[in-house]
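**Q** If you read the protein sequences in the order shown, they are chains A and B.
Just remember that the working numbering sits 4 ahead of the position in the first sequence, which is counted from 1.
Just remember that the working numbering sits 19 ahead of the position in the second sequence, which is counted from 1.
Encoded as C-alpha cells, here's the structure I'll be asking about.
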Amino acid sequence: MKAGKRAFVTLVVLAGTAVAAVLASVMLGSVRLAPAEVLAAFFGQGGDLARTLVLELRLPRTLAAFATGGLLAIAGALMQVLLRNPLADPYVLGISGGAAVGALLAMIAGLSLGWVSGSAFAGAMLSTLIVFGLAHGTGSWTPTRLLLTGVVVAAGWGAVITFLLAVRPSPELPGMLYWLMGDLSQARGSGLPWLVLLMVVVLGLPLGRSLNVLARGPMQAAVLGVSVYRLEWAVYLLAAVVTAAAVTTAGTVGFVGLIVPHMLRLVIGNDQRLLIPAAALAGGLLLTLADTVARTVIAPQQLPVGVITAMLGVPLFLFLLYRSRT
Amino acid sequence: MNPLLTVEGLVLAIPGRARGMALDCDIRPGECWGLLGPNGAGKTTLLQTLAGLRPAAAGRILVDGYDLHGWPRRRVAQRLGLVFQDHHDGFPSTVLETALIGRHPFLRAWDVESAHDHELAQRALVAMDLGDLAQRQVQTLSGGERQRLAIATLLTQDPPLWLLDEPTNHLDLHHQVAVLERIRRETRERGKAAIMALHDLNLAATYCTHLVLMYADGGLCWGETDAVFHVPALERLFGQALARIDTPGGPWVRPLPGPGC
Chain A
5 MKAGKRAFVT
15 LVVLAGTAVA
25 AVLASVMLGS
35 VRLAPAEVLA
45 AFFGQGGDLA
55 RTLVLELRLP
65 RTLAAFATGG
75 LLAIAGALMQ
85 VLLRNPLADP
95 YVLGISGGAA
105 VGALLAMIAG
115 LSLGWVSGSA
125 FAGAMLSTLI
135 VFGLAHGTGS
145 WTPTRLLLTG
155 VVVAAGWGAV
165 ITFLLAVRPS
175 PELPGMLYWL
185 MGDLSQARGS
195 GLPWLVLLMV
205 VVLGLPLGRS
215 LNVLARGPMQ
225 AAVLGVSVYR
235 LEWAVYLLAA
245 VVTAAAVTTA
255 GTVGFVGLIV
265 PHMLRLVIGN
275 DQRLLIPAAA
285 LAGGLLLTLA
295 DTVARTVIAP
305 QQLPVGVITA
315 MLGVPLFLFL
325 LYRSRT
Chain B
20 MNPLLTVEGL
30 VLAIPGRARG
40 MALDCDIRPG
50 ECWGLLGPNG
60 AGKTTLLQTL
70 AGLRPAAAGR
80 ILVDGYDLHG
90 WPRRRVAQRL
100 GLVFQDHHDG
110 FPSTVLETAL
120 IGRHPFLRAW
130 DVESAHDHEL
140 AQRALVAMDL
150 GDLAQRQVQT
160 LSGGERQRLA
170 IATLLTQDPP
180 LWLLDEPTNH
190 LDLHHQVAVL
200 ERIRRETRER
210 GKAAIMALHD
220 LNLAATYCTH
230 LVLMYADGGL
240 CWGETDAVFH
250 VPALERLFGQ
260 ALARIDTPGG
270 PWVRPLPGPG
280 C
C-alpha cells in the first residue's frame, strides 16, 4: 500500500542516517579515526589505542546519547498527543526536573543505579501528577495554563536541586552540575535506556491508532471507541518511565522532545504508528550529532549536550509560541 | 421491530439548572428524531448523554435492550456514532485520514487499515462531495467542507444509530438538503435510526419522523412530527411569533416580527 511504502522508506532513510551519525561520532574526537579503523575495532582487530577509544570510550557514550535522544523525542511526542499541544516537552513541563531531583536524592544517598532509576521515575511521575493535575483543574487544558504550570514546577525543581547541592557539597559537585545541565560524559554502557526505548517503540505500535484518535480530542476519541481514561493513564505512565530513563542516563537534556516530533510531523504527518519509531531514530540521530559537537567544538574542553539542544530548541519553542497566538 | 435505543426516565444533568422532565421513548430502525429548542435547552447534552459521554441525573439508556452504562467504549462505538457541533483539529491530518478514523472501532490493536477500509472511507468522501479533496490538509477546509467531512467520518463508521449535533451547520442550501436526504435514505432503506439537533424548523418538519421539543426550563414534549409540529407549541418553544403555511409536503412555519404567545 502507498502509505505503508512511504513509512518504510522514511524509516529506512532515518535508520541509514542514524548509523552514519553513530559512525561519525565514533570517528571524531581528540584522535581522529578512519572509518576502516572503526570497523576494524568493532570486529576486535586493529591497534589497541583504536580499540580502547572505540569500544570503551566513544561507542558507549554514543549509544547512550542515541538512546537518550530517542527516549526524549518519544516522551515529547506522547505528551503532545496527550495535551493536543505541540509545545509539550518533558523538559519544558518540569517532568525532567522531577526525575532529576529523584535521581539526585538517590545519588546523594549513595544508592545503586537501579534505585537511581526508580527514584527518577518516582520524581517524574510526581511531577506529571502535579503539572497535569493543576493544569487540568476543573476545566480543560489551555495551552497557557499548562505551560505556565510546567515552567513554574520546573523552576521549583531547579531550586530543590540547588538546595540539595548546597547542603550536600561533594567532590563530585562539578560533575553533578554538568549532569543536571544534560551531559553524557558520565554515561556508560547500560542497557536500561535501550531496553526502555525498545519497549516503548513496540508498545507504540498497537497503541498508535488509538493515540491518533485521541489526538482529535477526548470526546471524539470516546465516540470512536477509545477508553480515553485508561489510555491517558497508560500514556502518562509511559511518558514518565521514558523521561526517567533518559534523565538517569544523561541528566536533563532539554528540547529534544520539542524539536524532533515537530520536524517529523512536517514531513511524515501525525500517524503515531510511524511517528513513534521515527522519533526514536531521529531523536537518537539528533542527540548523537549534538553530543559529537558538544565534545569536539571547544576541545579539549567539553560542553554539556544540553547547551547544544537548548540553542536549537529555544528559538523553535519561541517561534511555535509566536505562531500559536490567536 | 425491536427498538435500537430505549430511553427510560432519562433526566439530563445540566449544571446550574433544576432537574428537567424525564424522557421516555423507543427509537426504532427507520425513524429519524429531531431535537428542537432554543440555545442552551440541552440538545447537545442530550445527544452526548445518549452516546454515553456524560452521566445522566437519572434514568437508563438501553442499546439493543442492554444498559449502555458499563459497556466498553469500543462496543458502544460499533453501535452508535456522534457528529459533534465543533471539530478540533490539533495536528495536521489529511481529509482521507480523518474519514478513516471512523473504522477505528472495528479494527483490532495490531490491525492496519485494509484496502476495504480505504474504500469505505473514499466512498463516504464521495458521498459528501469531498472525493477530490482526499489528500488535502484538514486545516485548509472551509467550515462547510469540514462539517461534511465530520459526516463522512460517521458514514465510514456506519453504525446502526446516528446522533448528529446540528448536522447542517455551515452547510450551503444544497448540501443541507443533500445531507438530510442521505440521512433519510439511510434510515428508510438501510434500517438506521437517527437523532439530530436542528435549528431549521421546516427542515425538521420535512425530514424527521419524530420530534422532541426541549424547552429552556427543562420541559419536554415529544411524539410523531404530525402530532408535535404545532404553531402555538413552537411559538412558546422559541419565544417567537410564527405563521403557518400549508404546503403540499405538509405544514411549514415562517417567523413573524415579535415574540411568541
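Yeah, the Cβ is synthetic: ideal placement off N, Cα and C, and Gly gets one too.
Since the structure is predicted, the reported quantities are computational estimates derived from the model, not experimental observations.
Do you know how far the Cα of G127(A) is from the Cα of L217(B)?
**A** Their Cα atoms are separated by approximately 50 Å.
**Q** Considering E132(B), what are the terminal residues of the beta strand (DSSP E) in which it resides?
**A** It is not in any beta strand (DSSP E) - E132(B) carries neither H nor E in the DSSP assignment.
**Q** Taking the Cβ atom as the reference point for each residue, do P111(B) and Q166(B) lie within a distance shorter than 8 Å?
**A** Result no, Cβ atoms of P111(B) and Q166(B) do not sit closer than 8 Å.
**Q** Does the CB of S231(A) have a neighbour CB from chain B at under 8 Å?
**A** Interface residue, yes.
**Q** If contact means a Cβ-Cβ distance below 8 Å, which residues of the region 191–223 of chain A contact chain B?
**A** For the region 191–223 of chain A, which is checked against every Cβ of chain B, the residues closer than 8 Å are L209, P210, L211, R213, S214, N216, V217, A219, R220, G221 and M223.
**Q** To which residues does DSSP link A184(B) through a beta bridge?
**A** Checking the displayed sequence, the identity of residue 184(B) turns out to be Asp instead of Ala. According to DSSP, which records beta bridges pairwise, D184(B) is partnered with A216(B).
**Q** Kindly say whether L150(A), judged by its beta-carbon, lies nearer than 8 Å to any beta-carbon of chain B.
**A** So, not an interface residue.
**Q** Are three or more beta carbon pairs between the region 254–262 of chain B and the region 70–89 of chain B nearer than 8 Å?
**A** No: the two stretches stay apart, fewer than three of their Cβ pairs being nearer than 8 Å.
**Q** Taking the C-alpha atoms as reference points, what is the distance between L221(A) and L149(B)?
**A** Here residue 221(A) is Gly; the residue named in the question, Leu, does not match the sequence. Approximately 23 Å, taken between the alpha carbons.
**Q** Quick one: does V95(B) have its CB under 8 Å from some CB of chain A?
**A** Cβ-Cβ to chain A under 8 Å: yes for V95(B).
**Q** What does I46(B) pair with, by DSSP beta-bridge criteria?
**A** DSSP lists L24(B) as partners of I46(B).
**Q** Alpha carbon to alpha carbon, what distance is there between E200(B) and S362(B)?
**A** With chain B covering only 20 through 280, there is no way to say anything about residue 362(B).
**Q** I need the DSSP call for V204(A), collapsed to helix, strand or coil.
**A** V204(A): helix per DSSP, three-state reduction.
**Q** Residue range of the beta strand (DSSP E) that A331(A) falls in?
**A** The question about residue 331(A) has no answer, for chain A in this structure spans 5 to 330.
**Q** Note down the Cα distance separating A223(B) from R273(B), rounded to an integer number of angstroms.
**A** Their Cα atoms are separated by approximately 13 Å.
**Q** Suppose contacts are defined by Cβ-Cβ distances below 8 Å. Is G154(A) in contact with L97(A) by that definition?
**A** In contact: G154(A) and L97(A) (Cβ atoms closer than 8 Å).
**Q** Are P186(B) and M147(B) close, meaning C-beta to C-beta below 8 Å?
**A** No, these two residues do not count as a Cβ contact at 8 Å.
**Q** Using the rule of at least 16 other Cβ atoms within 10 Å of the residue's Cβ for burial, across every protein chain shown, is V16(A) buried or exposed?
**A** It is exposed - the Cβ of V16(A) has fewer than 16 other Cβ atoms within 10 Å.
**Q** Which residues mark the beginning and the end of the alpha helix (DSSP H) in which A254(A) is found?
**A** Run containing A254(A): V232 to A254, per the alpha helix (DSSP H) assignment.
**Q** According to the neighbour-count rule (16 or more other Cβ atoms, all chains shown, within 10 Å of its Cβ), is N89(A) buried or exposed?
**A** With 16 or more Cβ atoms within 10 Å of its Cβ, N89(A) is classed as buried.
**Q** Using a Cβ cut-off of 8 Å (strictly closer), state whether V155(A) contacts chain B.
**A** So, not an interface residue.
**Q** Can you tell me which of the three DSSP states V272(B) falls into?
**A** Three-state result, V272(B): strand.
**Q** DSSP three-state label for V26(A), please.
**A** Helix.
**Q** What does a CB cutoff of less than 7 Å around T206(B) pick up in its chain, not counting 5 residues either side in sequence?
**A** The residues are G49, E50, C51, A212 and A213.
**Q** For L126(B), would you say it is in contact with chain A, using Cβ-to-Cβ distances shorter than 8 Å as the test?
**A** Yes, its Cβ sits closer than 8 Å to a Cβ of chain A.
**Q** Give the DSSP bridge partners of H193(B), in chain order.
**A** In DSSP, H193(B) forms no bridge with anything.
**Q** With which residues is T266(B) paired in a DSSP beta bridge?
**A** According to DSSP, which records beta bridges pairwise, T266(B) is partnered with G269(B).
**Q** Short of 6 Å in beta carbon distance, which residues of its chain neighbour P295(A), apart from the five on each side in sequence? Order them along the chain.
**A** It is Asp, not Pro, that sits at residue 295(A) in the sequence shown. Answer for D295(A): A69, L188 and V309, listed in chain order.
**Q** When you compare the CB positions of L168(B) and T117(B), do they come within less than 8 Å of one another, or not?
**A** For L168(B) and T117(B), yes; Cβs fall inside 8 Å.
**Q** Less than 8 Å separating the beta-carbons of L99(B) and P178(B)?
**A** A contact, by the Cβ cut-off of 8 Å.
**Q** Under the three-state reduction of DSSP, which class applies to W90(B): helix, strand or coil?
**A** Residue state, collapsed to three classes: coil.
**Q** Mind checking the region 206–217 of chain B against chain A and listing, in chain order, the residues whose C-beta falls within less than 8 Å of any C-beta there?
**A** From the region 206–217 of chain B, no residue has a Cβ closer than 8 Å to chain A.
**Q** Going by beta carbon distance, what residues of the same chain come within less than 7 Å of G317(A), once the five residues before and after it are set aside?
**A** The residues are G258, F259, L262 and I263.
**Q** So the candidates are D275(A), R234(A), S123(A) and L209(A); which of them puts its Cα closest to the Cα of W129(B)?
**A** If we check each option's Cα against that of W129(B), L209(A) comes out closest.
**Q** Do you know whose CA, among V245(A), F323(A), L108(A) and M315(A), lies nearest L196(A)'s CA?
**A** With distances taken between Cα atoms, L196(A) lies closest to V245(A).
**Q** Quick one: which chain B residues come within Cβ less than 9 Å of G73(A)?
**A** Near G73(A) there are no residues of chain B at all, since even the closest Cβ is about 22 Å away, more than 9 Å.
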